[in-house]
Amino acid sequence: MKNILKSLPKIELHRHLEGSIPIDLVLKWSQKYNLPLPMKDPRFRGDDKELRRDDIQAKTPMPFSTVLERLFYQQRCFQNLESVETLTYEVLKSIAQDNIKLLELRFSPGFMAEPQNLSFDGIMEAVLSAKEKAQKDFEIEVGYLLISSRDFGIATCQETIDLALKWKDHIVGIDLAGDETKFPDTLFEKPFQKAKAAGLNITVHTAEVTPAKNILTAHQKLGAQRIGHGVQAATDETVIKYLIENKIPLELCPTSNFITEAVSSLNAHPLKNLLKRGVKVTINSDDPTLFGTTLTHEYEICVEKLGMSLAQIKQTILNSFEASFLSRAQKKRMWEKYFQTF
Ligand SMILES: [Zn+2]
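Using numbering that gives the first Met the number 0, the first residue of the sequence shown is number 0, and each one after it goes up by one.
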């Protein structure tokens with residue numbers, strides 16, 4: 000089964016560029032730019048083999064502060080625009096190696112720019128150049144989502160939406176991420192309505208650890224067509240019905256949901272039940288380097304821990320195909336080549 004899952008052509012809708020930099024490159028960049036690693040921390044022993052092994056085995060819940068701390072070592076790699084381009088290309092390469100054929104990759108320009116005060120437009124040019132090269136070198140179609148992080152406030156959200164509108168023809172949509180417990184979705188209604196009116200596709204991280212009803216707010220007030228995580232939906236029957244009636248896809252990420260304690264254990268993840276109920280469920284890896292996973296590994300978890308069949312896995316892939324914001328031309332090419340015989 001593992002080999003079947005590995006070789007299966009895949010689609011990923013919910014994955015962060017900043018949380019996908021392969022760990023050996025995080026180490027290489029730290030050395031290259033003389034950026035100290037916290038050697039006292041047992042997760043950073045200074046031996047890349049140890050770090051890699053530790054990352055892969057990081058299968059225990061982490062406080063959100065630790066998740067952010069780990070992300071910091073990845074964020075710090077964006078030392079200049081050349082680094083942005085090279086690392087994005089390497090991320091796309093590693094994704095293509097996991098047999099992902101259609102990919103939506105998301106990033107926060109504000110977060111990537113932060114360490115060295117890089118220009119937002121420069122970041123856009125660098126990631127687009129990496130995408131062009133990767134699409135030539137590998138069998139993959141890529142679309143970008145720009146993230147507005149709740150934690151950066153409303154002014155930065157507005158700035159990110161304006162950036163997204165400026166680069167509208169080169170991205171596939173926008174996302175709202177960050178701490179949903181401190182910054183409710185309603186704060187961002189105005190800029191997201193502006194984006195919606197301009198025709199941008201929208202997905203919103205919500206109901207990961209906050210109440211299921213926030214999904215209704217994200218859909219009705221922010222114009223979200225898809226929900227990032229939304230794992231709490233399983234706790235509220237009215238929300239499940241709402242998702243089914245409105246055909247709203249959920250971007251579920253089992254390992255991430257377990258590590259951030261959105262679910263109590265991998266076995267308790269509601270992904271399979273929601274799929275059986277008729278919710279448009281998709282499987283994703285979120286921040287694979289942070290959580291020591293791959294999309295193939297997420298599929299393995301669904302089979303081994305949740306008892307999903309290959310047919311059910313394929314159903315989630317078809318859900319991802321339907322829910323994807325990628326262009327018709329990109330989807331058509333891959334449909335004919337990989338997915339129509341599913
Ligand atoms: Zn996410």
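Glycine is no exception: its CB is placed at the ideal position from the N, C-alpha and C atoms. Computed from a predicted structure; not experimentally measured.
For Q157, which residues of its own chain have a beta-carbon under 7 Å away from its beta-carbon, when the five flanking residues on both sides are left out?
-> Sequence index remark: in the sequence shown, residue 157 carries index 158 (1-based). The answer, listed in chain order, is P190.
Could you tell me whether any non-hydrogen atom of ligand 1 is closer than 7 Å to the CB of D168?
-> Residue numbering aside, residue 168 sits at position 169 when the sequence shown is read from its first letter. No, ligand 1 has no heavy atom inside 7 Å of this Cβ.
What is the DSSP secondary structure of L305, counted as helix, strand or coil?
-> On the sequence shown, position 306 is the one that residue 305 refers to. It is coil, neither helix nor strand.
Tell me the DSSP bridge mates of H204?
-> Numbered from 1 along the sequence shown, position 205 holds the residue referred to as residue 204. In the DSSP output, where bridge partners are listed per residue, H204 has G227.
In chain order, what residues of the same chain lie with their CB nearer than 8 Å to the CB of A112, ignoring the 5 residues before and after it?
-> On the sequence shown, position 113 is the one that residue 112 refers to. These residues qualify, in order along the chain: F77, S118, F119, I122.
Alpha carbon to alpha carbon, what distance is there between T315 and L274?
-> Here residue 274 refers to the residue found at position 275 of the sequence shown. Here residue 315 refers to the residue found at position 316 of the sequence shown. Rounded to the nearest angstrom, the two C-alpha atoms are 8 Å apart.
Report the three-state DSSP secondary structure of R332 (helix, strand or coil).
-> If you number the sequence shown from 1, residue 332 lands on position 333. Here R332 sits in helix by DSSP.
Run the CB neighbour count on D168, radius 10 Å, all protein chains shown included, and call it buried at 16 or more, exposed below.
-> Residue numbering aside, residue 168 sits at position 169 when the sequence shown is read from its first letter. Residue burial annotation: D168 is exposed, with fewer than 16 other C-beta atoms found within 10 angstroms of its C-beta.
Spatial neighbours of K48 within its chain, please: CB distance less than 7 Å, with the 5 preceding and 5 following residues excluded, ordered by chain position.
-> The residue you call residue 48 lines up with position 49 of the sequence shown. Because K48 carries a pLDDT of 44, less than 50, the predicted location of this residue cannot be relied on, and no value is offered for it.
Cα separation between T234 and P248?
-> To locate residue 234, count along the sequence shown from 1; it is residue 235. To locate residue 248, count along the sequence shown from 1; it is residue 249. A direct Cα-to-Cα measurement between T234 and P248 gives close to 17 Å.
Can you list the alpha helix (DSSP H) stretches of 4 or more residues lying completely in the region 74–107, in chain order?
-> Segments of the alpha helix (DSSP H) lying fully in the region 74–107: 80–96.
Near D286, what residues of its chain come up, given a Cβ to Cβ distance below 6 Å and the 5 sequence neighbours on each side ignored?
-> What you label residue 286 is simply residue 287 of the sequence shown in a count that begins at 1. The residues are H15, G18.
Range of the contiguous beta strand (DSSP E) that encloses V171 | Sequence index remark: in the sequence shown, residue 171 carries index 172 (1-based). Membership of V171 in any beta strand (DSSP E) is not indicated, and neither H nor E is assigned to it by DSSP.
Three-state class that DSSP yields for I146 in the structure shown = Here residue 146 refers to the residue found at position 147 when the sequence shown is read from its first residue. Of the three classes helix, strand and coil, the one that applies to I146 here is strand, per DSSP.
Count the other C-beta atoms from every protein chain shown that fall within 10 angstroms of the C-beta of N256, then say buried if there are 16 or more, exposed otherwise.
-> As a position in the sequence shown, residue 256 is number 257, starting the count at 1. N256 should be labelled buried.
At which residues does the beta strand (DSSP E) containing V280 begin and terminate?
-> Here residue 280 refers to the residue found at position 281 when the sequence shown is read from its first residue. Looking at the DSSP string, the run of the beta strand (DSSP E) that includes V280 is 280–282.
Under the rule that 16 or more other beta-carbon atoms within 10 Å means buried, what is S323, buried or exposed?
-> As a first step, residue 323 must be located in the sequence shown, where it is residue number 324. Taking a 10 Å sphere around the C-beta of S323, we find 16 or more other C-beta atoms and assign the residue as buried.
Three-way DSSP call (helix, strand, coil) for E11 in this model | Here residue 11 is taken as the residue at index 12 of the sequence shown, counted from 1. In the structure shown, E11 sits in a strand (DSSP, three-state: E or B).
Taking 8 Å as the threshold, find out whether the region 171–187 comes into contact with the region 126–139 through three or more Cβ pairs.
-> Under the Cβ criterion (8 Å, minimum of three pairs), the region 171–187 does not count as touching the region 126–139.
Mapping DSSP to helix, strand and coil, what is E140?
-> If you number the sequence shown from 1, residue 140 lands on position 141. Taken through DSSP and simplified to helix, strand or coil, E140 comes out as strand.
In angstroms, rounded to a whole number, what distance separates the CA positions of L24 and E89?
-> In the sequence shown, counting from the first residue as 1, residue 24 sits at position 25. In the sequence shown, counting from the first residue as 1, residue 89 sits at position 90. L24 and E89 have their C-alpha atoms roughly 9 Å apart.
Which same chain residues, not among the five before or five after S6, have their C-beta less than 7 Å away from its C-beta?
-> Here residue 6 corresponds to residue number 7 of the sequence shown, with the count starting at 1. Within its own chain, the residues whose Cβ lies closer than 7 Å to the Cβ of S6, once the five positions on either side in sequence are excluded, are N98, listed in chain order.
Report all residues from its chain with a CB closer than 7 Å to the CB of I284; omit the five preceding and five following residues, and keep chain order.
-> Locating residue 284 in the sequence shown gives position 285, counting from the first residue. Note on residue identity: the sequence assigns Ser, not Ile, to residue 284. These residues qualify, in order along the chain: E11, R14, C252, T292, T293, L294, E297.
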